[in-house]
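**Student:** Let me begin by handing over the structure; questions about it come next.
Protein chains: 2
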Amino acid sequence: MATVSAVADDERIGRIDMRDLAVYPMDHRIAAVSCGGDRVTVDWDDGRQSRFHAVWLRDNCACPACRHPQALERSFLLVDAPEVIRATAARVLPGGHLEVEFESEAPGEPPHRSRFDAGWLRRHCYSDWARAERAWRPRPWDTGSRSIPPTVDYRAVMNSDTGLAEWLTAMRDWGVVLLRGAPAVPGEIQRIAGRVGPMRPTNFGTVYDVVSLPNPNASAYTPIGLEPHTDLANWRRPPDYQLLFCVANEAVGGDSILVDGYGAAEALRESDPDGFRLLATQPIDFRFHDDGCDIRDRAPTIEVDAEGQVVSIRFNNWLRAALDLPESVMEPTYRALRGFWKLLRDPRFQIRLKLEPGEMLAFDNARVLHGRAPFDPSTGHRHLQGGYLDRDLVLSRLRLIERG
Amino acid sequence: MATVSAVADDERIGRIDMRDLAVYPMDHRIAAVSCGGDRVTVDWDDGRQSRFHAVWLRDNCACPACRHPQALERSFLLVDAPEVIRATAARVLPGGHLEVEFESEAPGEPPHRSRFDAGWLRRHCYSDWARAERAWRPRPWDTGSRSIPPTVDYRAVMNSDTGLAEWLTAMRDWGVVLLRGAPAVPGEIQRIAGRVGPMRPTNFGTVYDVVSLPNPNASAYTPIGLEPHTDLANWRRPPDYQLLFCVANEAVGGDSILVDGYGAAEALRESDPDGFRLLATQPIDFRFHDDGCDIRDRAPTIEVDAEGQVVSIRFNNWLRAALDLPESVMEPTYRALRGFWKLLRDPRFQIRLKLEPGEMLAFDNARVLHGRAPFDPSTGHRHLQGGYLDRDLVLSRLRLIERG
Chain D
0 MATVSAVADD ERIGRIDMRD LAVYPMDHRI AAVSCGGDRV TVDWDDGRQS RFHAVWLRDN
60 CACPACRHPQ ALERSFLLVD APEVIRATAA RVLPGGHLEV EFESEAPGEP PHRSRFDAGW
120 LRRHCYSDWA RAERAWRPRP WDTGSRSIPP TVDYRAVMNS DTGLAEWLTA MRDWGVVLLR
180 GAPAVPGEIQ RIAGRVGPMR PTNFGTVYDV VSLPNPNASA YTPIGLEPHT DLANWRRPPD
240 YQLLFCVANE AVGGDSILVD GYGAAEALRE SDPDGFRLLA TQPIDFRFHD DGCDIRDRAP
300 TIEVDAEGQV VSIRFNNWLR AALDLPESVM EPTYRALRGF WKLLRDPRFQ IRLKLEPGEM
360 LAFDNARVLH GRAPFDPSTG HRHLQGGYLD RDLVLSRLRL IERG
Chain F
0 MATVSAVADD ERIGRIDMRD LAVYPMDHRI AAVSCGGDRV TVDWDDGRQS RFHAVWLRDN
60 CACPACRHPQ ALERSFLLVD APEVIRATAA RVLPGGHLEV EFESEAPGEP PHRSRFDAGW
120 LRRHCYSDWA RAERAWRPRP WDTGSRSIPP TVDYRAVMNS DTGLAEWLTA MRDWGVVLLR
180 GAPAVPGEIQ RIAGRVGPMR PTNFGTVYDV VSLPNPNASA YTPIGLEPHT DLANWRRPPD
240 YQLLFCVANE AVGGDSILVD GYGAAEALRE SDPDGFRLLA TQPIDFRFHD DGCDIRDRAP
300 TIEVDAEGQV VSIRFNNWLR AALDLPESVM EPTYRALRGF WKLLRDPRFQ IRLKLEPGEM
360 LAFDNARVLH GRAPFDPSTG HRHLQGGYLD RDLVLSRLRL IERG
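Sequences listed follow chains D and F, in order.
Here numbering that gives the first Met the number 0 is used: position 359 in the first sequence is 358, and no number is missing along the way.
Here numbering that gives the first Met the number 0 is used: position 1 in the second sequence is 0, and no number is missing along the way.
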């Protein structure tokens, strides 16, 4: 029962309101469409083909009855629709957009008709070729090439959307970016973060001062060297992006060390698949406590997504609690942790730099481990300020810039 | 090479400093200990037995060289220790505590010796019986019994640690608790939340007003009925606990509906194992956007932990974005979502109540879905205030109360 419809009338339609504020360029039009009941097949003017399920189209109808005109949220309730949703007709609208008619949902009720903007539809196509085109992958580090960390200029980030987008894109894709040329004053970190949104408060406050303290509640507040680690591994959701701003760095030592955790995890998968599997499945225990809190969580060292891609690392020797594991996996877990730790210390996954006053590192706390060389507090003042940004807000800001 | 040591000297030892501020009652002493190289076996005075790996004991040494005396964090670096860690001797200390001696870590170096407090050790035992004793499970709802939701008194929560602990324990174990008797004024929600810690800000602010608005940016701000949903499913980590405080509720309608998502998920696992598996593995797309943000995430509808237990639910018809799935799983996913949705509407998993002014619901946004019946804004004023608390802070507060 395939029906092929030609363009039906000659009135021009510019764009169709999909109740979506994002920008979907109208770079392709629909050339032809065919309707096969549970599927609508769209042929684009560049020869590409998209196939949409009738249920998907029905679910994404953007008419005022199906999507709230102000809230922009779906009000259509699939659960109340017929079990089987069928498209009975489809046609190309003037302007190259799509119109679909569905089987009547109740006796005597007119069939529902939905219109889809071609720009929106092209960007929401879920055929294999389209999903492959959209796929995002983190950019691997070449630690020998000096391309890591990418750098951005403070003034560009503060004064232009282009500069801001460049900073955030580097954060997202490389997992690390060095910002230069900021006034080396306390609090500047918050002004820069304000370009994105509110910082994420934790048990260390919103902005914390990394200085050597006489009575520290955490190892960061001592002058000792810090092994590569991710921050706040003891939180149910550790912070996403970490900012580390340099106010002063006159002491001897104290170099920053950054490690590509994704690279190290892949090396572990290669050299010790069993160890990798164990770290990717066995939750282990983390904890931080002081006078004002006692925050604990259990999570695997390496988190992989449904496709097996490494998406986040939790590694922190100070915050690792007494492991509470079944007896049989205790030794294999220690062995795997040790193997991963050695890889994290391997220079091929590391970069080192000494932050200058007015410089700020931003890095992905789910990907990049950080550490520091010991410093001698008697040789000069060292003062960094740290804080965290939610990934949700970083990516949201990028989308708003794109929206223009 | 097993060695059994008797109590070695007669000086009494009260407690051993494990650099841990939590309370570990000294309710059992070690009666005997034997040392088998890679394992130390502890016999308790009540007949229980614990077996500890030498590497675990070494890793948890709390001496000032291995654990920072002020930061209380581990400074021992397992990665630098010998590949194989062996205990060469173990003895029971006066007071019933444990001392272990390890094989020398380098030629000529004296063997490291670690002491373990018996109270601490008992609570960190990872033998099967001990792990089973400590296991926490959410309490299942009996929606017919009127035990749901448990209720607590505002004054008790505000003025006593016992009342506060009762409130937080109910939140943790039942996933829902009704607080009664608060002053029905805007802002009170924040004073109550202050008993735990700072509320979690989101794109809706820290405290948001649930009222019917002329130009709403979300369906919550209309008078329409709301299907059961979890909040902020579009965030990488949706909020943990939700607070919903009633300032006024004079309009006709607007009952609150609460659904035990764990119960519904188990019912799905029972009735449609394939659908359950799909929802527990296939990430789907969520999105909220308005003039100020565009926040998107992909995550499975049902999250299960390493043992297969359901730990969180994401379900929200407004925030579900256009699904971006491989063609072959699109229809099965819709089918499974529909089946789950029907279960979420099933009264056997639901409770309904109409909030009175000065009442506040607190519920676990990972377990409990909430919804509301439509209301008629022309019949009276309806004003709720909402906000979120991090689970990390809720559980931390409970641990601090226990610490005393």
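Here a beta-carbon is modelled for each residue, glycine too, at the ideal position from N, C-alpha and C.
1. What residues in the region 39–53 of chain F bring their beta carbon closer than 8 Å to a beta carbon of chain D?
2. Please report whether the beta-carbon of F/Q69 lies at a distance below 7 Å from any beta-carbon of chain D.
3. Would DSSP call D/P152 helix, strand or coil?
4. In chain order, what are the residue ranges of uninterrupted beta strand (DSSP E) at least 3 long that sit wholly in the region 50–133 of chain F?
5. For F/Q189, name the three-state secondary structure that DSSP assigns.
6. Taking only beta-carbon atoms, is D/S33 less than 7 Å away from chain F?
7. Measuring CB to CB, does F/L278 end up less than 7 Å from F/A335?
8. Would you mind giving the Cβ-Cβ distance between F/A181 and F/G338, rounded to the nearest angstrom? I have them listed as a contact below 8 Å.
9. At 4 residues or longer, what runs of the alpha helix (DSSP H) sit wholly inside the region 213–291 of chain D?
10. Given 8 Å as the limit, is there contact between the region 234–253 of chain D and the region 320–328 of chain D, that is, 3 or more CB pairs closer than that?
11. Are the C-beta of D/I15 and some C-beta of chain F separated by less than 7 Å?
12. Three or more C-beta pairs under 8 Å: does that hold for the region 340–349 of chain F against the region 124–135 of chain F?
13. Name the chain D residues that come within less than 7 Å of F/I407, Cβ to Cβ?
14. Report the three-state DSSP secondary structure of D/F203 (helix, strand or coil).
15. If we cut at 7 Å on Cβ distances, does D/G386 have a partner in chain F?
16. Leaving out five residues on either side along the sequence, give the residues of the same chain with a beta carbon under 8 Å from the beta carbon of D/A21.
17. Say whether chain D places a C-beta atom closer than 7 Å to the C-beta of F/A217.
18. Are the C-beta atoms of F/S327 and some chain D residue less than 7 Å apart?
19. Taking only beta carbons into account, state which residues of the region 205–216 of chain D come closer than 8 Å to chain F, listed in chain order.
20. Within 10 Å of its beta-carbon, does D/R351 have 16 or more other beta-carbons around it, so buried, or fewer, so exposed?
21. Out of curiosity, what's the CA-to-CA distance linking D/R396 and F/A61?
22. In the DSSP assignment, find the unbroken alpha helix (DSSP H) run with F/Y333 in it and report its ends.
23. Check whether chain D comes within 7 Å of F/A321, counting only Cβ atoms and requiring the distance to be less than that.
24. From the DSSP output, read off the bridge partner residues of F/E302.
25. For a contact meaning CB atoms closer than 8 Å, what does D/L20 contact in chain F?
26. Would a C-beta distance cut-off of 7 Å place D/P376 and D/G252 closer than the cut-off?
27. Going by alpha carbons, who is nearest to D/A53 out of F/S218, F/M329, F/F348?
28. Which residues mark the beginning and the end of the beta strand (DSSP E) in which D/R390 is found?
29. According to DSSP, is F/L163 part of a helix, a strand, or is it coil?
30. For the region 131–163 of chain D, enumerate the residues whose C-beta is nearer than 9 Å to any C-beta of chain F, in chain order.
31. I need the DSSP call for F/M0, collapsed to helix, strand or coil.
32. Is D/I191 near the ligand GDP, going by C-beta to nearest heavy atom under 6 Å?
33. Name the chain F residues whose beta carbon is nearer than 8 Å to that of D/Q281?
34. Hey, is the region 295–315 of chain D in contact with the region 362–373 of chain D, meaning 3+ C-beta pairs nearer than 8 Å?
35. Between the C-alpha atoms of D/D9 and D/E102, what's the straight-line distance to the nearest angstrom?
36. Could you tell me which residues DSSP puts in a beta bridge with F/H382?
**Tutor:** Taking the definition as stated:
1. The region 39–53 of chain F vs chain D, Cβ under 8 Å: R50, H52.
2. Cβ-Cβ to chain D under 7 Å: yes for F/Q69.
3. For the sequence presented, residue 152 of chain D should be read as Asp rather than Pro. In this structure, D/D152 counts as strand in the three-state DSSP scheme.
4. Runs found: 86–92, 96–101, 112–115.
5. Helix, per DSSP.
6. Among the CB atoms of chain F, none fall inside 7 Å of the CB of D/S33.
7. Cβ atoms of F/L278 and F/A335: closer than 7 Å.
8. The pair is not a contact, with the Cβ atoms about 39 Å apart (cut-off 8 Å).
9. For the region 213–291 of chain D, whole alpha helix (DSSP H) runs of length 4 or above, ordered along the chain, are 260–270, 272–280.
10. Here the region 234–253 of chain D does not lie against the region 320–328 of chain D, with fewer than 3 beta-carbon pairs under 8 Å apart.
11. Judged by the 7 Å Cβ criterion, D/I15 is not in contact with chain F.
12. At 8 Å Cβ cutoff, the stretches do not touch.
13. Outside the modelled stretch of chain F, which goes from 0 to 403, sits residue 407 of chain F, for which no answer is possible.
14. Residue state for D/F203 is assigned as coil, using DSSP reduced to three classes.
15. Among the CB atoms of chain F, none fall inside 7 Å of the CB of D/G386.
16. Cβ neighbours of D/A21 beyond the five flanking positions: R398, E401, R402.
17. Judged by the 7 Å Cβ criterion, F/A217 is in contact with chain D.
18. At a cut-off of 7 Å between beta-carbon atoms, F/S327 makes no contact with chain D.
19. Within the region 205–216 of chain D, the residues whose Cβ lies closer than 8 Å to some Cβ of chain F are N214, P215, N216, listed in chain order.
20. Taking all protein chains shown into account, D/R351 has fewer than 16 neighbouring C-beta atoms within 10 Å of its C-beta and is therefore exposed.
21. The straight-line gap from Cα to Cα measures roughly 45 Å.
22. Segment 326–343, the alpha helix (DSSP H) holding F/Y333.
23. Residue contact with chain D for F/A321: present (Cβ-Cβ distance below 7 Å to some residue of chain D).
24. F/E302 pairs with F/S311.
25. Close partners of D/L20 in chain F (Cβ separation under 8 Å): H288, D289, D290, D293.
26. Cβ atoms of D/P376 and D/G252: not closer than 7 Å.
27. Among F/S218, F/M329, F/F348, the Cα nearest to that of D/A53 belongs to F/M329.
28. Boundaries around D/R390 are those of the alpha helix (DSSP H), 390–402, since no beta strand (DSSP E) includes it.
29. Helix.
30. Under the 9 Å Cβ criterion, the region 131–163 of chain D contributes R133.
31. Any answer about F/M0 is weak, because its pLDDT of 35 lies below 50 and its placement is not dependable; what the coordinates show is given next. In the structure shown, the three-state DSSP call for F/M0 is coil.
32. As far as ligands go, the structure on display features none, and thus does not contain the ligand GDP.
33. Within chain F, the residues near D/Q281 are A305.
34. Per the Cβ contact rule, the region 295–315 of chain D is in contact with the region 362–373 of chain D (3 or more Cβ pairs under 8 Å).
35. A caution first: D/D9 carries a pLDDT of 44, below 50, which makes its placement in the model unreliable, though a value can still be read off. Approximately 26 Å between the Cα atoms of the pair.
36. Note: F/H382 sits in a beta bridge opposite F/A247.
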